[in-house]
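If you count by full-length UniProt numbering, then the sequence shown holds residues 1 to 95, one letter each, in order.
Ideal Cβ positions, reconstructed from N, Cα and C, are used throughout, including at glycine.
Reviewing the structure listed below.
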Amino acid sequence: MVLEVALIDVTPGQEEDFASAYKTARHLVTGTPGCRSVRMTRGIESPSRFVLLVEWDSVEAHEVNFRGSPSFPEWRRLIGPYFAGAPHVEHYADI
């Protein structure tokens with residue numbers, strides 16, 4: 001199992017619109033082969049910062065199955081307009 005962690009800074013004032021767009025787009029990730037779970041969290045001290053946590057079977061499930069699919073551009077089309085900058089994305093493995 002691999003955990004994708006994406007730090008997403010949203011343009012201040014657009015947090016609720018981003019959260020709504022995420023709810024609309026979430027199925028695009030959850031329906032991807034190799035996706036185990038998806039969770040979005042919002043900062044308490046920094047309410048314009050969101051953290052996306054996705055459990056994948058492998059890095060390839062994320063990079064190939066999702067990012068290489070037609071779902072990825074649709075995902076970005078729906079949530080991307082609210083980004084204040086490019087998300088910072090990394091993968092992690094349990095120890």
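- Judged by DSSP in its simplified three-state form, I8 adopts strand.
- Counting every other CB atom within 10 Å of its CB across the protein chains shown gives H62 a total of 16 or more, marking it as buried.
- If you check the CB distance, L3 and E55 come in under 9 Å.
- Here DSSP, grouped into helix, strand and coil, assigns R26 to helix.
- Within 10 angstroms of the beta-carbon of Y92 lie fewer than 16 other beta-carbons, which makes it exposed.
- Residue state for R76 is assigned as helix, using DSSP reduced to three classes.
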